[in-house]
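Report on the structure given below.
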Amino acid sequence: MKNMIRLVFLGLMLALAQKSFALACLKDTSKNGWQITGEVSDTAYIDTTIAVSNTLPKNTVLWRSPEYSISITCWQDRSASGEYVYFYLSPDDPGYTKLGPDLELGIRLDGHDYYCDNGMERFQGRCRKKLEYFYFYCGTNTAPGGNGCPDKAITKQLSYSFFVSKRSAPSTGKEGKLTGVVGAYGAFQLDGVGGMNDHLDKNFRMYVNGLSNMRYIACGATLSISPETVYFGHIHPSLAEAGKEIKELPLTITVNKPCSSVYGLGAQLTPINAKAKDGYTLIPNDNSSVGIQLFRKETLARIPFNKEFLLMANTASNGQIPQNFLARLKWTSNEAIIGPFNASASVDIYYK
1 MKNMIRLVFL
11 GLMLALAQKS
21 FALACLKDTS
31 KNGWQITGEV
41 SDTAYIDTTI
51 AVSNTLPKNT
61 VLWRSPEYSI
71 SITCWQDRSA
81 SGEYVYFYLS
91 PDDPGYTKLG
101 PDLELGIRLD
111 GHDYYCDNGM
121 ERFQGRCRKK
131 LEYFYFYCGT
141 NTAPGGNGCP
151 DKAITKQLSY
161 SFFVSKRSAP
171 STGKEGKLTG
181 VVGAYGAFQL
191 DGVGGMNDHL
201 DKNFRMYVNG
211 LSNMRYIACG
221 ATLSISPETV
231 YFGHIHPSLA
241 EAGKEIKELP
251 LTITVNKPCS
261 SVYGLGAQLT
271 PINAKAKDGY
281 TLIPNDNSSV
291 GIQLFRKETL
301 ARIPFNKEFL
311 LMANTASNGQ
321 IPQNFLARLK
331 WTSNEAIIGP
341 FNASASVDIY
351 YK
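Quick note on this note's numbering: the sequence shown kicks off at 1 and runs consecutively.
Below you can see the structure in the form of structure tokens.
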């Protein structure tokens, strides 16, 4: 009987010790003695309606946040054990009970999308992603009263964006809002290996507001691009002059819309084998002396790369709806690099 009491008591002590571990992480911090203060939250807004086709496949990205680059400071406020920093999705809503069956959140880091079924682990009903380069080890408590070690806090620059994707499989017959969430919804929280910190003011949390703007529509759209390859032909290297236009060719993206549901389309161009200089100029990896820019044919408005733009305004029209552009080749240097060049971009569309 005595042995059983000792074992139960030991198990209780271990459980209590583990629960006391806590990693604190705040944005844009300042320090006053042993106290670290900073921003505990931020909010991104979906400020436009987003139309979603029933037939879209599971894991289709419906909306992306802007790219964020923030300063994050982390330290352990109650423990002496080393741990990594994690992104925890939907911190207030394990299992997406509030969000509903059709939506989920994801994180984009270093050019890769992560969501529950792709590159994440599950812990205490939530999905999380470990930051392999962000590790904190306290060693021994140094703050008065054994309250962690804020004097050993680590600050890193963290770049990310997050997104909302379709969690349900293709179906038919659904119309109306995708979720009953109204107002701000917790997208993710930065925390440690042991789960959610029970000190709610100690961990940075990102919110998204406007999920109620997402709605189902009766049909989706497909795109066709003509020409699929824009061939600029031969270019005389002796004419190289930085900023000078070389050639301009037409490009048409045709939206094929099979029903009269009212919606528009946003699009995002992501470079392939190229870089987007200044956000608008596609520079081929194999020849940096030239760049390619896209313009609306009617307005000559520049089209960005790596950022959503309006491809088609809201319309009830159906059939083929052409969107006309100009592809403009220009010199980026006074010295031409001899040889061929190739650059591509993928096109992602977003319903509005």
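Note that CB positions come from ideal geometry on N, CA and C, so glycine has one too.
query                                                                                                                                                                                              : result
Pull the bridge partners of arginine 126 from the DSSP assignment, please.                                                                                                                         : Phe123
Take aspartate 110 as the anchor and find which of Tyr88, Tyr160, Gly125 has the nearest alpha-carbon.                                                                                             : Tyr160
By DSSP's criteria, glycine 186 is part of a beta bridge. Which residues make up the other side?                                                                                                   : Tyr207
Between the stretch 231-240 and the stretch 198-214, do three or more beta carbon pairs fall short of 8 Å?                                                                                         : no
Could you tell me which uninterrupted alpha helix (DSSP H) segments, each at least 4 residues in length, are contained entirely in the stretch 149-199, listed from first to last along the chain? : none
By DSSP, does asparagine 213 sit in helix, in strand, or in coil?                                                                                                                                  : helix
Residue range of the beta strand (DSSP E) that proline 94 falls in?                                                                                                                                : From DSSP, proline 94 is part of no beta strand (DSSP E); its letter is neither H nor E.
Does leucine 103 pass the burial test, meaning 16 or more other C-beta atoms within 10 Å, or should it be called exposed?                                                                          : buried
What's the C-alpha gap between valine 290 and arginine 328?                                                                                                                                        : 10 Å
Taking all protein chains shown into account, do 16 or more other C-beta atoms lie within 10 angstroms of the C-beta of cysteine 127, making it buried, or fewer, making it exposed?               : buried
Taking proline 227 as the reference, give the member of Ser171, Arg122, Pro322, Glu67 with the closest Cα.                                                                                         : Pro322
Run through the DSSP bridge pairs and tell me what cysteine 25 is partnered with.                                                                                                                  : Cys74, Asn203
In whole angstroms, give me the CA-to-CA distance for aspartate 77 and lysine 27.                                                                                                                  : 16 Å
With a threshold of 8 Å on Cβ separation, who are the neighbours of alanine 169 within its own chain once the five nearest residues in sequence on each side are excluded?                         : Pro57, Lys58
What would DSSP say about glycine 146, mapped onto helix, strand or coil?                                                                                                                          : helix
Report buried or exposed for serine 165, applying the criterion of at least 16 other Cβ atoms within 10 angstroms of its Cβ.                                                                       : buried
Helix, strand or coil: how does DSSP classify proline 237 here?                                                                                                                                    : helix
Based on the DSSP secondary-structure assignment, which residues constitute the bridge partners of valine 347?                                                                                     : Leu269
Per the contact definition of three or more C-beta pairs closer than 8 Å, is the stretch 87-96 in contact with the stretch 22-40?                                                                  : no
Within the continuous beta strand (DSSP E) that includes asparagine 314, where are the two ends?                                                                                                   : 309-315
When you compare each of Phe123, Arg122, Asn209 to arginine 64 by their alpha carbons, which one comes out closest?                                                                                : Asn209
Hey, how far is the Cα of glycine 243 from the Cα of glutamate 308?                                                                                                                                : 25 Å
If you follow the beta strand (DSSP E) that proline 227 is in, where does it begin and where does it stop?                                                                                         : Premise fails: proline 227 is in no beta strand (DSSP E) and is neither H nor E.
Decide yes or no for the touch test of the stretch 276-287 against the stretch 248-263: beta carbon pairs closer than 8 Å, at least 3 of them.                                                     : no
Which residue or residues does DSSP assign as beta-bridge partners of lysine 324?                                                                                                                  : In the sequence as presented, lysine is not what sits at residue 324; that position holds asparagine. BP columns for asparagine 324 point to Thr252.
What residue from Tyr263, Ser90, Ala343, Thr73 has the CA that sits closest to isoleucine 156's CA?                                                                                                : The sequence shown places lysine at residue 156, not isoleucine. Minimum Cα distance to lysine 156 is reached at Thr73.
As a quick exercise: from Ala187, Val52, Ser30, pick the residue whose alpha carbon is nearest that of glycine 220.                                                                                : Val52
Could you compute how far the alpha carbon of aspartate 278 sits from the alpha carbon of leucine 326?                                                                                             : 18 Å
Can you look up tryptophan 34 in the DSSP assignment and give me helix, strand or coil?                                                                                                            : coil
Could you name the residues of the same chain whose beta carbon sits closer than 8 Å to that of alanine 343, not counting the 5 residues immediately before and after it, in chain order?          : Pro271, Ile272, Asn273, Ala274, Leu282, Ile283, Pro284, Asn285, Ile292
What's the call for phenylalanine 21, buried or exposed, on a 16-neighbour Cβ count within 10 Å?                                                                                                   : For phenylalanine 21, the pLDDT reaches just 48, beneath the cut-off of 50, and the residue's location in the model is therefore unreliable, although a value from the coordinates is still provided. Buried is the call here.
Alpha carbon to alpha carbon, how far is aspartate 117 from isoleucine 246?                                                                                                                        : 46 Å
Which whole-angstrom value describes the C-beta separation of valine 85 and leucine 223, a residue pair presumed to lie in contact below a C-beta threshold of 8 Å?                                : Between leucine 223 and valine 85 the Cβ distance is about 39 Å, and since that is not below 8 Å, they are no contact.
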